[in-house]
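If you're matching them up, the sequences are chains A and B in order. Residue numbers are given in the UniProt record's numbering: position 52 of the first sequence equals residue 52, and the series is strictly consecutive. Residue numbers are given in the UniProt record's numbering: position 176 of the second sequence equals residue 176, and the series is strictly consecutive. The beta carbon of each residue, even a glycine, is placed where N, CA and C say it ideally should be. Quick notes on the structure that follows.
2 protein chains.
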Amino acid sequence: MRYPATHKQDTRARLLKTTGALAKRQGFAGTGVDGLMAAAGLTSGAFYSHFRSKGELLEAIVQTELQRSGKLFSGKSRKQLLRIVEGYLSPAHVAQPESGCAIPALASEVARASGATRQAFEQGVVAMKDSMAAATASDAQAWSVVAQLVGAVELARAMPSQALREALLKGVLENVRRQLEGAEGVADPGKSA
Amino acid sequence: MRYPATHKQDTRARLLKTTGALAKRQGFAGTGVDGLMAAAGLTSGAFYSHFRSKGELLEAIVQTELQRSGKLFSGKSRKQLLRIVEGYLSPAHVAQPESGCAIPALASEVARASGATRQAFEQGVVAMKDSMAAATASDAQAWSVVAQLVGAVELARAMPSQALREALLKGVLENVRRQLEGAEGVADPGKSA
DNA sequence: GTCTATATCGGGATAGAC
DNA sequence: GTCTATCCCGATATAGAC
Numbered sequence: 001m002r003y004p005a006t007h008k009q010d011t012r013a014r015l016l017k018t019t020g021a022l023a024k025r026q027g028f029a030g031t032g033v034d035g036l037m038a039a040a041g042l043t044s045g046a047f048y049s050h051f052r053s054k055g056e057l058l059e060a061i062v063q064t065e066l067q068r069s070g071k072l073f074s075g076k077s078r079k080q081l082l083r084i085v086e087g088y089l090s091p092a093h094v095a096q097p098e099s100g101c102a103i104p105a106l107a108s109e110v111a112r113a114s115g116a117t118r119q120a121f122e123q124g125v126v127a128m129k130d131s132m133a134a135a136t137a138s139d140a141q142a143w144s145v146v147a148q149l150v151g152a153v154e155l156a157r158a159m160p161s162q163a164l165r166e167a168l169l170k171g172v173l174e175n176v177r178r179q180l181e182g183a184e185g186v187a188d189p190g191k192s193a
Numbered sequence: 001m002r003y004p005a006t007h008k009q010d011t012r013a014r015l016l017k018t019t020g021a022l023a024k025r026q027g028f029a030g031t032g033v034d035g036l037m038a039a040a041g042l043t044s045g046a047f048y049s050h051f052r053s054k055g056e057l058l059e060a061i062v063q064t065e066l067q068r069s070g071k072l073f074s075g076k077s078r079k080q081l082l083r084i085v086e087g088y089l090s091p092a093h094v095a096q097p098e099s100g101c102a103i104p105a106l107a108s109e110v111a112r113a114s115g116a117t118r119q120a121f122e123q124g125v126v127a128m129k130d131s132m133a134a135a136t137a138s139d140a141q142a143w144s145v146v147a148q149l150v151g152a153v154e155l156a157r158a159m160p161s162q163a164l165r166e167a168l169l170k171g172v173l174e175n176v177r178r179q180l181e182g183a184e185g186v187a188d189p190g191k192s193a
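Next comes the structure, spelled out in structure tokens:
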């Protein structure tokens with residue numbers, strides 16, 4: 001073999017990084033195998049030494065990306081979560097999907113993807129909710145926070161007016177902040193789930 | 001002319017209805033002009049008598065769809081809004097995107113569409129927020145509710161487990177209900193199902 | 001206005017050389 | 001493992017008959 005033993009894994013890791021970024025920016029269906037490979041400095045012919053199909057790549061991207069963001073939220077204190085949430089709801093995150101969270105970027109495509117892809121996605125979403133639940137009054141509140149984060153980013157990315165985007169992000173942040181802070185002070189009775 | 005004077009407008013209206021439903025279910029990019037026209041009982045050749053390009057169709061779909069859902073929310077009482085929100089966050093709405101709200105179904109594709117399309121979308125989103133603001137304590141709260149509705153439906157559609165989908169929808173509904181009820185002065189316990 | 005037929009392009013996937 | 005070349009199909013858009 002002309003390549004070192006770790007070459008394939010290294011290449012695969014590099015592919016997941018570059019194709020993940022591209023998929024989050026242009027949409028997974030929005031870029032061909034050709035473009036995905038070019039972004040990693042390779043040609044389309046080499047693609048199928050790493051993945052059996054383009055759909056399998058999406059599954060791997062979702063797995064990798066959501067595991068990465070999972071670590072970002074996992075085991076954080078309330079104060080740390082607040083900082084993370086502020087970044088999540090920032091104009092910078094809205095403007096740079098390629099380095100941001102895969103959940104709002106790929107949700108609608110995952111909805112039409114394979115069962116394995118959807119399960120990997122779901123696992124990541126649940127992890128995010130569980131991490132959030134450490135700072136909310138209930139599981140229901142944690143779901144509410146996750147839905148707000150995802151919905152706000154998704155909506156902001158589709159809205160052309162900067163002023164409206166900022167009003168949206170600010171409004172949602174204000175409310176999420178209350179949900180995260182309120183967990184300790186208020187002793188909120190609204191528990192279910 | 002072999003066709004009655006209203007034929008073209010009628011056909012256009014029918015096209016917007018059927019293609020809107022298809023786009024919401026399969027994604028706009030997910031169906032070709034061929035399939036879109038077949039759904040209305042026509043062939044692809046006739047498409048360009050109504051729209052100059054596929055992108056122009058998306059703009060028209062967004063305009064029509066969001067105007068329609070705008071009317072659903074507009075001028076409603078708090079009690080009416082609650083009922084509408086319950087339907088929005090129902091498993092039925094998650095399972096039937098073709099007859100549901102276009103905002104979660106098309107948001108990610110609109111984010112990469114033309115300026116005119118994005119503006120039509122934004123206008124619809126703002127209308128929804130404004131209608132919601134009639135029953136919330138503030139504009140920020142109204143944005144929060146809209147983000148939750150959109151995010152919850154989008155996430156639920158990507159999640160394969162029915163139990164988790166229902167937990168998500170239930171949790172978000174519980175919180176939104178509080179935001180809508182809280183505007184007048186809390187009260188009203190025993191409502192969280 | 002709608003149809004059939006077609007031009008043109010791009011994307012997913014494979015084959016064989018290195 | 002990667003490259004170049006290619007097959008095959010689907011998608012946008014156009015041309016001309018009715």
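Tell me, please, whether the CB atom of residue i is closer than 8 Å to any CB atom in chain B?
i: residue 263/A; result: Residue 263/A is absent from the model: chain A starts at 1 and stops at 193.
i: Gly27/A; result: yes
i: Gln80/A; result: no
i: Gln96/A; result: no
i: Ala187/A; result: At Ala187/A, the pLDDT of 43 sits below 50, so the modelled position is not reliable; the number obtained from the coordinates is stated separately. Not an interface residue.
i: Asp139/A; result: yes
i: Ala39/A; result: no
i: Ser69/A; result: no
i: Ala111/A; result: yes
i: Val85/A; result: no
i: Val126/A; result: yes
Count the other CB atoms within 10 Å of the CB of residue i; is the residue buried (16 or more) or exposed (fewer)?
i: Gln9/B; result: exposed
i: Pro104/B; result: buried
i: His93/A; result: buried
i: Ser144/A; result: buried
i: Gln179/A; result: buried
i: Ala46/A; result: exposed
i: Arg177/B; result: buried
i: Thr43/A; result: exposed
i: Tyr48/B; result: exposed
i: Gln80/A; result: exposed
i: Thr6/A; result: exposed
i: residue 194/B; result: Residue 194/B is absent from the model: chain B starts at 1 and stops at 193.
i: Gly35/A; result: exposed
i: Ser131/A; result: buried
i: Gln141/A; result: buried
i: Ala111/B; result: buried
i: Ala133/A; result: buried
i: Ala95/A; result: exposed
i: Ala102/B; result: buried
i: Ala137/A; result: buried
i: Ala156/B; result: buried
i: Gly124/B; result: buried
i: Gly100/B; result: buried
i: Lys129/A; result: buried
Please report whether the beta-carbon of residue i lies at a distance below 8 Å from any beta-carbon of chain A.
i: Glu181/B; result: no
i: Gly115/B; result: yes
i: Phe121/B; result: yes
i: Ala21/B; result: no
i: Arg118/B; result: yes
i: Ser99/B; result: no
i: Ala134/B; result: no
i: Ser144/B; result: yes
i: Ser108/B; result: yes
Assuming residue i contacts residue j (C-beta within less than 8 Å), just tell me the rounded distance between them.
i: Ala23/B; j: Thr31/B; result: 7 Å
i: Gly41/B; j: Val150/A; result: With 8 Å as the limit, Gly41/B and Val150/A do not qualify as a contact, their Cβ atoms being about 37 Å apart.
i: Glu154/B; j: Ser108/A; result: 6 Å
i: Val172/A; j: Leu82/A; result: Actually they do not touch by this definition, with Cβ atoms about 14 Å apart.
i: Gly27/A; j: Ser114/A; result: Their Cβ separation, rounded to whole angstroms, is 17 Å, which puts Gly27/A and Ser114/A out of contact at 8 Å.
i: Glu166/A; j: Ala120/A; result: About 33 Å; that fails the 8 Å criterion.
i: Ala135/A; j: Arg78/A; result: 4 Å
i: Arg68/A; j: Met159/B; result: That belief does not hold up - the Cβ atoms of Arg68/A and Met159/B are roughly 19 Å apart, past 8 Å.
i: Leu168/B; j: Pro91/B; result: With a Cβ gap of about 11 Å, Leu168/B and Pro91/B do not count as contacting.
i: Ala29/B; j: Ala39/A; result: Incorrect: roughly 20 Å between the Cβ atoms, too far for contact.
i: Leu57/B; j: Thr19/B; result: 6 Å
Scan the region 146–176 of chain A for residues whose Cβ lies nearer than 8 Å to a Cβ of chain B and list them as they occur along the chain. Under the 8 Å Cβ criterion, the region 146–176 of chain A contributes Val146, Ala147, Gln148, Leu149, Val150, Gly151, Ala152, Glu154, Leu155, Arg157, Ala158, Met159, Pro160, Ser161, Leu164, Ala167, Leu168, Lys170, Gly171, Val172, Glu174, Asn175, Val176.
What are the start and end residues of each continuous alpha helix (DSSP H) run of 4 or more residues lying completely inside the region 77–162 of chain B, in chain order? Runs of the alpha helix (DSSP H) spanning 4 or more residues and lying entirely within the region 77–162 of chain B occur at 78–88, 91–95, 102–110, 115–133, 139–158, in chain order.
Considering only residues of the UniProt domain "HTH tetR-type" (9–69) of chain A, which uninterrupted alpha helix (DSSP H) runs meet the minimum length of 4 residues and lie entirely inside it, listed in chain order? Annotation: the UniProt domain "HTH tetR-type" (9–69) of chain A contains the following complete segments of the alpha helix (DSSP H) (minimum length 4 residues), in chain order: 33–38.
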